[in-house]
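Q: Sharing a structure, written as structure tokens. Questions coming.
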Amino acid sequence: MRDTVLSDILLREIDRESSVPLVRQVYEIIRQLILSGTLRAGTRLPASRGLARELGLSRNTVIFAFEHLQSEGYVVSATGSGTFVSDTVPDLPASVAPVTEALQPLDPPHLTLSRRGTEVVRNAQASSTQWGAFVAGVPDVSLFPHDIWVRLLKRRWKQPDPNLLTYAHGAGYYPLRRALSEHLRIARAVRSTPDQIIITNGIHQSISLLANLLADSGQVAWIENPAYWGARTVLKAAGLSTVAIDVDAEGMAPSECHLRTPPQLIFVTPSHQYPLGTVMSLARRRMLLEYARVQRNWIVEDDYDSEFRFDGRPLASLQGLDTHDRVIYLGTFSKTLFPGLRMGYMVLPKSLSAHFAIGLSDMYREGRLIDQAVLADFMEEGHYAAHIRRVRVHYARRQTLLRDAIHETFGTDWPISTREAGLHLVMHLPDGTDDVGIVLAARSLNISVRPLSRYYASGPGRSGLLFGYASVPDDQIRTQFKRLVQVIVPALEHVARSDSFR
Ligand SMILES: Cc1ncc(COP(=O)(O)O)c(C=O)c1O
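Using the working numbering, the letters of the sequence shown correspond one by one to residues 7 to 508.
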């Protein structure tokens, strides 16, 4: 494609009246041209200075858009000779939503996906950056006691039991389930026997399993609005229809109208709403439990990060309040140990656990029993509880450092999510602030934050930024935040009233 053709397309597609920042529009248009094959591998992009002049844009706008394309692997830049479309363009559209109707991502031409598959790819949210300031939801993996782990691993591998090296059949390594049952009773007031526990590859797999075993295609799952994108993606990929129910200060708040049409599944994060951080009130918990008892639908409790409570008494799980076996409790080692371990668990009502063990074996052909055995040793010898106690102190301090940095820059009454728990916080932004634009600009500074508005299923979501603080060393929190301020402040200037928060 000739330079003039690219600039013609950009001139035609850029909407100068739009509230979408120009840098984002330029990035998105070029990305679409690459994904559709219009701009082929090896094509040289025009020089930023000339392109900016032709488009009547500032050079920085073009440079930022190019840098962003580069950070996602769409283009490469060779010093002195220019910027070129990569040989290997990522298969999936990046984690950024289409900006306007006209810019809907085109299907990659070499893939023929199902409708469900296309939807998964179109709405892809997983970030390509999983380490660094301020990646959300990631613990400080550098604090993991790898020396202990290696010792336990070596012990197991010295003379490995063949039973641990073949396919797993059933719910997972029994001593690990026994250790978990005990840990969850003490830490989360979860009531279980080891037989009710199933070891999975993490919450994503747990959701996939329960969606497939408990719901048929087209049945409805309520999810919170806003919600963790992964839950929405997995439920939809399993053929469920999701209905987003707004969250208020007490948690998921279904209207009378919602209550009249009961769903098959109710998916909630009661201990630490994701991403807003609120805690579901006791009254709302009781209401949902009673509703599930009467309607005989299932409540799925995603308790992804509750081991990290910094203030107040740890809140009991919803499962611990359930006297009618309607709650399925999901947990993960991704936050307490490290996400790459890919290990999680579900606590099931007694009536379901045997069926789920069969479903797990038959659908996923599980294995990794030797890793489960190492983890069981790690828990039984007390290393798990000790590790949680140790990192909790670091995370609490890091959260305080980040809150202080935000307050120091934007004032002490700037709204931030609650401080009690977790690995992330939300810095709210005034209504209408382009949080997606801030996130894109932040990427060119090598800072990862996530836009709160993207966690809403529909309608204008609240604007804000999600920060993961747990993995950022103490001495970097303030400096990295200060760097980020340079892209937050210009975005705030475009907002009519900087005090209008929702
Ligand atoms: C609310 C919530 N649930 C589940 C997960 C994913 O858990 P897992 O790594 O076990 O799949 C995350 C990850 O960030 C999360 O934020």
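Where is the CB? At the ideal position from N, CA and C, for every residue including glycine.
None of these values were measured; they are calculated from a predicted model.
Helix or strand or just coil, what does DSSP make of I20?
A: If DSSP states are grouped into helix, strand and coil, I20 belongs with coil.
Q: Looking at ligand 1, does it come within less than 6 Å of T49, judged from the CB to the closest heavy atom?
A: No, since every heavy atom of ligand 1 falls outside the 6 Å radius drawn around the Cβ of T49.
Q: Helix, strand or coil: how does DSSP classify M385 here?
A: The answer is helix: DSSP assigns M385 an H, G or I state.
Q: What does the shell around ligand 1 hold, if a residue joins when its beta-carbon is under 6 Å from any heavy atom?
A: With the cut-off at 6 Å, the residues found are G143, G208, I209, H210, Y234, G236, T275, Y280, D308, Y310, T338, S340, P345, G350.
Q: Flag this pair as yes or no: are the beta carbons of A243 and S323 separated by less than 7 Å?
A: Result no, Cβ atoms of A243 and S323 do not sit closer than 7 Å.
Q: Can you give me the C-alpha to C-alpha distance between I364 and A177, rounded to a whole angstrom?
A: Computed Cα separation, rounded: 8 Å.
Q: Could you please give the first and the last residue of the uninterrupted alpha helix (DSSP H) stretch that includes E230?
A: First-last for E230: 226-231, but that is the beta strand (DSSP E), not the alpha helix (DSSP H).
Q: Between D254, V353, V29, which has its C-alpha nearest L336's C-alpha?
A: It is V353.
Q: With 16 as the cutoff for other CB atoms within 10 Å, does A379 come out buried or exposed?
A: Result: buried.
Q: Taking the alpha carbon of G88 as the point to measure from, which residue in K160, S120, F140, A53 has its own alpha carbon closest?
A: Selected option, being the one with the closest Cα: A53.
Q: Where in the stretch 284-339 do unbroken runs of the alpha helix (DSSP H), each at least 4 residues long, occur, reported from the N-terminal end onward?
A: DSSP runs (the alpha helix (DSSP H)) wholly in the stretch 284-339: 288-301.
Q: Out of D146, S312, Q131, which one is the CA nearest neighbour of V478?
A: Closest by alpha carbon: D146.
Q: Does the distance from the C-beta atom of H175 to that of S367 stay below 7 Å?
A: Yes, the Cβ-Cβ distance between H175 and S367 is below 7 Å.
Q: Threshold first: 3 residues or longer. Then list the beta strand (DSSP E) segments lying entirely within the stretch 35-63, N to C.
A: You should have found no qualifying run.
Q: Just to confirm, is the Cβ distance from V455 to V445 under 7 Å?
A: Their beta carbons are under 7 Å apart, which means V455 touches V445 by this criterion.
Q: Might you give, ordered along the chain, the residues of its own chain that have their beta carbon closer than 7 Å to the beta carbon of G208, omitting 5 neighbours on each side?
A: Taken in chain order, the residues that qualify are T338, S340, R348, M349, G350.
Q: For G236, which of R460, D419, F344 has the nearest alpha-carbon?
A: That would be R460, whose Cα lies nearest to the Cα of G236.
Q: Roughly how many angstroms separate the alpha carbons of D331 and I305, rounded to a whole number?
A: Their backbone Cα atoms lie some 10 Å apart in a straight line.
Q: What is the DSSP secondary structure of M369, reduced to helix, strand or coil?
A: M369: helix per DSSP, three-state reduction.
Q: Would you call I494 buried or exposed, if buried means 16 or more other Cβ atoms sit within 10 Å of its Cβ?
A: Looking at its Cβ environment, which holds 16 or more other Cβ atoms inside 10 Å, I494 is buried.
Q: Buried or exposed for D309, please, with buried defined as at least 16 other CB atoms from any protein chain shown within 10 angstroms of its CB.
A: Classification for D309: buried.
Q: Using beta-carbon positions only, say whether L429 and G470 come within less than 7 Å of one another.
A: No. Outside cutoff.
Q: Using the rule of at least 16 other Cβ atoms within 10 Å of the residue's Cβ for burial, across every protein chain shown, is A255 buried or exposed?
A: It is exposed - the Cβ of A255 has fewer than 16 other Cβ atoms within 10 Å.
Q: Mapping the DSSP letters down to three states, classify P355 as helix, strand or coil.
A: P355 falls in the coil class under three-state DSSP.
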